[in-house]
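These notes concern the structure reproduced below.
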Amino acid sequence: MGKGLTYIMKTVLEKGQIFYQGKFQNLEKLVIEKGKITEINLVSAKPKKGKAAPATKKKSPEADNIVNCEGKFILPGFIDAHTHISLEQDGIGQSDSDTNEVFGLVTPQVRAYDAVKMRDNCFKEAVEAGITTVMIAPGSANPIGGQCCIVKTVGKIVDEACVKESAGLKMAFGENPKRVYGDQKKFPSTRMGTAAVIREWLMKAQDYLKRKKTKEFKDREIKLEALLPVIEGKTSVRAHAHQADDIITAYRIAQEFNLDLIFDHCTEGHLIATELGKWKAKAVVGPTMVTRKKVELRNRSYKTVETLMDEGCLVAITTDHPVMPIDSLNVAAAICVKHGLDEDRAIKAITENPAAILGLEKRLGKLEVGFDADIVIWKTHPLDARSQPEQVYVDGNRVV
Amino acid sequence: MATIFNNVRINMNGKFFPGQKVLVENGKINMVGSSIFKNVENVIECEQRYLVPGLIDAHTHLGLAEPGDKLSDITESELPITPQLRPLDGIRMHSRALEDARRAGITTCMVCPGSDSPIAGICSILKTNGNSADVGLIVEQAGVLMSFGEEPKGRAKSYRHELSTSMGLTALIRETIMKAQDYNIAKQNKKIVKDREIDMEALLPLIKGEVPMRVSAHRAEDILSAIRIAEEFELKIIIEHGTEAHLIAPILAEKQIPVVIGPTLVPKLRHELNEKTFEGAKILADAGVDIALTCDYPGLPIETLRVAAAMAVQYGLDEKIALAAITENPAKILGIDERIGKIRKGYDADLALFSGHPLDIRSKLEALCVDGDLFIFSDKIRIED
């Protein structure tokens, strides 16, 4: 699909506070060209140069757009590493939902990408709240739920917004799968059953991989094809787990099959923080602004993020949209600050950390030369719930 | 037997020219012009009436959808993937709807199984005359019908099928095509003796690129998913319904994907119909997309095909294109434009004679000719021997 957007040739942001290398610093100049950041100069610091960036003395060519950011805050676009935007459609909900294959049980072959609807109003709300990239995952009804995708929040059709068509395979532990299949009077209806289903299919995939290398192999099987990148370690497992025991079960299985693992929700993570730290765990924590309406949420805490970070985990904060609306992402981070988390770390938890968890640390989540120009200019501090972005750039295009 | 339609108006590049004659012999159009002098058995004095090619509806369930669920032969509800289903085995040619089609000037239609299975069956093209489907048959395997959106999802949910979301149905279609590819490779391998599989056999012409996937889809996203699959497996593709196709008109134009638009004269009873507009036809045509119009019988009564074209004109579509959208365009989309869809020497003698302009709803069909078979619907028409 052709890119529907046309690039403004060059934009220059001047002055203001830039969130750079983990803290706010005084910006002299940031240059955006062809959708990328090409130059960042700080006040009273050595100029950071791009490949062919001219020294500050040299007069740079005319910019199409010069923005004076004095007194303002310049941040990378926020990233939510776990949402279901437009699978559960805004204002439609259950009457036409694409979130869960509730009769499928094991559905690694389904791709969220094939059900993303860019016209969903929540993409617009996301951009207006400064969120420029989201991961969209199938729901947690199935032990093996399907393939996640990563998209920018701007674009008329998904192929324009695409960052990664297939990014991580969703698996679910704990109450959801046992409730969905238990209610249908089907297997599995226990945590043991869920784990057995997952183990069974990973085993099948390993054998399939062996079989595929032989000459007798003929017929592809779409479910096992979808599991191959997981057992080959090329894509991560996104493990939906709230309760500490479920987190540990996911880890046990990941060890057994040598999987790259990301913990989603991780609600009781703080109870096993030492272990998670030892495992150098990657965790997408949230939604936190919800009531404890399931047993596995009974220890839900605003301290989890900080506790895990202290132990050395890579932690991102999520809204789990539509559980919490996507535009509450900065509020979720702010509440963690209220409960003791350092402000800069809270910002990292919705920028560079989710980028790193999604494997996009060389392209998104930071304001660095060579990175995508996904930039948000805030009039007031972004973790103040009263703040609204003043300008939002995605791939160098102004979208708000 | 030969017939002359004497003194008719014929559409020439959007304008109807009077004083024309059309000679029909052996089921074909043998001559068109103002000066044909030949003694034939039948001379139909048309007195400046309008003669158009027999109308074509490129997406119907004629003869399959009958009143009442128990009589209907339209869908195998329990099975999601049924490419082995062939409309010919289910069509009731004496269905009232076929009579209605003839009385509406429709001489050719595509008939397919219902659009609430991800892969429903093959599509067949037939004429509306004849006592058996075999007599009227033009092309039996003219494509494989696939469906996206709320209808197959709703069906899958009510039957508790394994896959029942957009993600799932897309994956199911992908899986089936993958299987067909592997089946094809195994079949070509002389060393392997393989049992035939009836569903895979039905898909072979599709994956070899001989026939298109005919995609019943309303939402823009569903259309794009179908295109993604078509590109992935290098398949030909035609969009059916295309309720939101106008939202992605430039993409469809660039990829040269035709759209069979309709049914439009229906209420917006599902989410996926929210953006439905009669302007869709004009927007798509302006962008350069090949369009045809359909009633999707029984979505709408088959006799409303001309109404669909007239409504599109009301909403801005050029009259010439509107008429083409129920004659030569569907012929082209169905791949039968070598013999159907125009009043031209050598073409099938499928002709509809209207009392006035065919897009004026008040005009009445007075005579119909299908493969040279004459049906007279008005006592005003004089046949002279």
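Protein chains in written order, with the working numbering: chain A, 181 to 580; chain B, 98 to 482.
Where is the CB? At the ideal position from N, CA and C, for every residue including glycine.
Q) Can you pull the DSSP bridge partners for S277/A? A) For the purposes of this step, residue 277/A is identified with residue 97 of the first sequence, where counting begins at 1. The beta-bridge partner set that DSSP reports for S277/A is empty.
Q) Which chain B residues are close to G326/A, counting only those with a beta carbon under 7 angstroms from its beta carbon? A) Position 146 of the first sequence, counted from the start, is the residue given in the question as residue 326/A. Within 7 angstroms Cβ-Cβ: M264.
Q) With respect to the beta strand (DSSP E) encompassing Y293/A, which residues constitute its N-terminal and C-terminal limits? A) Numbered from its first residue, the first sequence carries residue 293/A at position 113. Careful: Y293/A lies outside any beta strand (DSSP E) and carries neither H nor E.
Q: Mark I337/B as exposed unless 16 or more other C-beta atoms lie within 10 angstroms of its C-beta, in which case mark it buried.
A: The residue given as residue 337/B occupies position 240 in the second sequence. Looking at the sequence shown, residue 337/B is not Ile but Glu. Buried, since its Cβ has 16 or more Cβ neighbours within 10 Å.
Q | One or two residues paired with P390/B in a DSSP bridge | A | Stepping through the second sequence from its first residue, residue 390/B is reached at position 293. Checking the displayed sequence, the identity of residue 390/B turns out to be Leu instead of Pro. Answer by DSSP bridge pairing, in chain order: I358/B.
Q: Would you list, in chain order, the members of the segment 299–331 of chain B that have their beta-carbon closer than 8 angstroms to a beta-carbon of chain A?
A: If the cut-off is 8 angstroms between Cβ atoms, the segment 299–331 of chain B has R316, A317, E318, L321, S322 and R325 near chain A.
(Q) Less than 7 angstroms between CB atoms is the rule here; does V377/A satisfy it with respect to chain B? (A) Position 197 of the first sequence, counted from the start, is the residue given in the question as residue 377/A. No - not a single Cβ of chain B is within 7 angstroms of the one on V377/A.
Q. For H368/B, does the three-state DSSP call read helix, strand or coil?
A. On the second sequence, residue 368/B is found 271 positions in, with the first residue counted as 1. H368/B falls in the helix class under three-state DSSP.
Q: Quick one: list the residues of chain B neighbouring E208/A, beta-carbon separation under 8 angstroms, in chain order.
A: For the purposes of this step, residue 208/A is taken as the residue at position 28 of the first sequence. Those within 8 angstroms of E208/A in chain B number zero; the least Cβ separation is about 42 angstroms.
Q | Bridge partner(s) assigned by DSSP for M310/B | A | The count along the second sequence starts at 1 and reaches residue 310/B at position 213. The bridge partners DSSP lists for M310/B are V241/B and I334/B.
Q: Please check if any C-beta of chain A sits within less than 7 angstroms of the C-beta of D170/B.
A: The residue labelled residue 170/B in the question sits at position 73 within the second sequence. Chain A, which has no Cβ nearer than 7 angstroms to the Cβ of D170/B, makes this no.
Q: Please state if the CB of C302/A and the CB of M316/A are separated by a distance shorter than 7 angstroms.
A: Here residue 316/A refers to the residue found at position 136 of the first sequence. Here residue 302/A refers to the residue found at position 122 of the first sequence. Looking at the sequence itself, residue 316/A is Ile, so the reference to Met does not match. In this structure, C302/A does not lie closer than 7 angstroms to I316/A by Cβ.
Q. Would you say E372/B faces chain A, with C-beta separation under 7 angstroms as the test?
A. Sequence index remark: in the second sequence, residue 372/B carries index 275 (1-based). Not one chain A Cβ lies under 7 angstroms of E372/B.
Q.
Check for me: the alpha helix (DSSP H) holding P347/B runs from which residue to which?
A. Here residue 347/B refers to the residue found at position 250 of the second sequence. Note, P347/B: alpha helix (DSSP H), A346 to E351.
Q. Taking a cut of 8 angstroms between CB atoms, which residues from the segment 294–319 of chain A lie near chain B?
A. Correct list: D294, A295, V296, K297, M298, R299 and P318.
Q) Are there three or more Cβ pairs, one per stretch, closer than 8 angstroms when the segment 124–143 of chain B is compared with the segment 339–351 of chain A? A) No, the segment 124–143 of chain B is not in contact with the segment 339–351 of chain A.
Q | Inter-residue spacing [alpha-carbon to alpha-carbon] between E175/B and V357/B | A | Within the second sequence, numbered from 1, the residue matching residue 175/B stands at position 78. Within the second sequence, numbered from 1, the residue matching residue 357/B stands at position 260. Taking the straight line from one Cα to the other gives about 27 angstroms.
Q: For chain A, find out if any of its Cβ atoms is closer than 7 angstroms to the Cβ of H343/B; answer yes or no.
A: Here the question's residue 343/B lines up with position 246 in the second sequence. So, not an interface residue.
Q: Could you have a look at T374/B and say whether DSSP puts it in helix, strand or coil?
A: Stepping through the second sequence from its first residue, residue 374/B is reached at position 277. T374/B sits in coil when the DSSP states are folded into three classes, being neither helix nor strand.
Q) By the criterion of Cβ-Cβ separation under 7 angstroms, what are the contact partners of Q289/A in chain B? A) Within the first sequence, residue 289/A is the residue found at index 109, counting from 1. Within chain B, the residues near Q289/A are A268 and E272.
Q | Span separating the alpha-carbon of Q364/A from that of P502/A | A | As a working mapping, residue 364/A is identified with position 184 in the first sequence. As a working mapping, residue 502/A is identified with position 322 in the first sequence. When rounded, the distance between both Cα atoms is 25 angstroms.
Q | Residues sharing a beta bridge with S221/B, DSSP | A | Numbered from its first residue, the second sequence carries residue 221/B at position 124. DSSP, once it has assigned bridges, lists V208/B as partnering S221/B.
**Q.** Distance, K458/A Cα to P288/A Cα
**A.** Taking the first sequence and counting its residues from 1, one reaches residue 288/A at position 108. Taking the first sequence and counting its residues from 1, one reaches residue 458/A at position 278. If you take the alpha carbons of P288/A and K458/A, they lie about 29 angstroms apart.
Q.
Just verifying my parser: in three-state terms, what is the DSSP assignment at C493/A?
A. Indexing the first sequence from 1 puts residue 493/A at position 313. Looking at C493/A - three-state DSSP - the assignment turns out to be coil, as it is neither helix nor strand.
Q | Cβ contact (3+ pairs, closer than 8 angstroms) linking the segment 395–407 of chain A and the segment 269–278 of chain B | A | Under the Cβ criterion (8 angstroms, minimum of three pairs), the segment 395–407 of chain A counts as touching the segment 269–278 of chain B.
**Q.** Simplified DSSP assignment, three categories, for F253/A
**A.** Mapped onto the first sequence, residue 253/A falls at position 73. Three-state DSSP puts F253/A in a strand.
Q. Using a Cβ-Cβ cut-off of 6 angstroms (strictly less than) and excluding sequence neighbours within five positions of A233/A, which residues of its own chain qualify?
A. Walking along the first sequence from the start, residue 233/A turns up at place 53. At A233/A the pLDDT is 47, less than 50, meaning the model places this residue with poor confidence and gives no usable figure here.
(Q) If we define contact as Cβ-Cβ less than 7 angstroms, is R371/A a contact residue for chain B? (A) For the purposes of this step, residue 371/A is taken as the residue at position 191 of the first sequence. Not one chain B Cβ lies under 7 angstroms of R371/A.
Q: Using a Cβ cut-off of 7 angstroms (strictly closer), state whether K365/A contacts chain B.
A: Here the question's residue 365/A lines up with position 185 in the first sequence. No - not a single Cβ of chain B is within 7 angstroms of the one on K365/A.
Q: Just the C-alpha distance for A498/A and D300/A, rounded to the nearest angstrom, thanks.
A: Locating residue 498/A in the first sequence gives position 318, where the first residue counts as 1. Locating residue 300/A in the first sequence gives position 120, where the first residue counts as 1. In the sequence as presented, Ala is not what sits at residue 498/A; that position holds Thr. Near 19 angstroms, if we compare the C-alpha coordinates of D300/A and T498/A.
Q) Assuming E372/B and L332/B make a contact with CB atoms under 8 angstroms, what is their CB distance in whole Å? A) Position 275 of the second sequence, counting from 1, holds the residue named residue 372/B. Position 235 of the second sequence, counting from 1, holds the residue named residue 332/B. Contact between E372/B and L332/B fails: their C-beta atoms lie close to 26 angstroms from each other, not under 8 angstroms.
(Q) Using a Cβ-Cβ distance cut-off of 7 angstroms, determine whether I272/A contacts chain B. (A) As a first step, residue 272/A must be located in the first sequence, where it is residue number 92. Chain B contact via Cβ: present.
Q.
On the criterion of 16 or more Cβ atoms from any shown chain inside 10 Å, does L366/B qualify as buried, or is it exposed?
A. Locating residue 366/B in the second sequence gives position 269, where the first residue counts as 1. It is exposed - the Cβ of L366/B has fewer than 16 other Cβ atoms within 10 Å.
Q.
Please state the DSSP three-state secondary structure of C328/A.
A. Position 148 of the first sequence holds residue 328/A. C328/A: coil per DSSP, three-state reduction.
(Q) Bridge partners for K112/B per DSSP, in chain order? (A) The residue you call residue 112/B lines up with position 15 of the second sequence. In DSSP, K112/B forms a bridge with M109/B.
Q: Assign S221/B to buried or exposed, taking buried as 16 or more other Cβ atoms, counted over all protein chains shown, within 10 Å of its Cβ.
A: Within the second sequence, residue 221/B is the residue found at index 124, counting from 1. Burial call: buried.
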